[in-house]
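For reference, the structure is listed below as structure tokens.
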Amino acid sequence: MPFVNVYYSEYQLNDKELKKVSNFIHQSLIQHFHIPKNDYFQLFLPYPPQHFFYDSQYLLENGEKRTDQMIYISITCGQGRTIQQKKKLYQSIAEELSTHLNISTNNIFITLNETLLENWSFGQGIAQMVNQKEEK
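Quick note, the sequence shown lines up with residues 1082 to 1217 if you use my numbering.
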């Protein structure tokens, strides 16, 4: 049930590259969070580069720096994954984007937002992830 928002500098990625980013994120979620293959919800949001303000070195090791080609991936999902699963997910996404799209791992920023199951509706005004019998 992850919902993924990907923010990137406009003109940074073409349609073919966006699809690759999407696939790499989804495959990493399948592999490390064990989500169903058809649990696929992603939104790509380009931003004008002058609208993203950040520190170029914050928490990077060995004096590395970020550039204006940052990609911010925000994943909203249910609770229950281990710290190890989360670390592997971050590493997998960063490695795939770096290897296949030549995006520096310094420029790949990922956040994970965990929510309770009752906070999701996948349409029809229903909280599908909650046992309907429990609510009565």
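Idealized CB from N, CA, C, for every residue including glycine.
Treat the numbers as computed from the prediction; the structure is a model and nothing was measured.
A straight-line Cα-Cα distance of about 10 Å links Thr1180 and Ser1173. Excluding five sequence positions before and after Thr1157, the CB atoms of its chain that fall closer than 7 Å to its own CB belong to Pro1083, Phe1084, Asn1194 and Thr1196, given in chain order.
Separation of Leu1110 and Gly1206 (C-alpha to C-alpha, rounded to the nearest whole angstrom) is 26 Å. In the DSSP assignment, Phe1105 falls within the unbroken alpha helix (DSSP H) covering Asp1096 to Phe1114.
In the three-state scheme derived from DSSP, where H, G and I count as helix and E and B as strand, Thr1180 is classed as helix.
Distance from Gln1166 to His1113 at the Cβ level is roughly 5 Å; contact confirmed, criterion being Cβ atoms closer than 8 Å.
Around the C-beta of Tyr1171, 16 or more other C-beta atoms lie within 10 Å, and the residue is accordingly described as buried. Distance check between Asn1188 and each of Asn1143, Trp1201, Ser1137 and Gln1209 places Ser1137 closest, using alpha-carbon atoms only.
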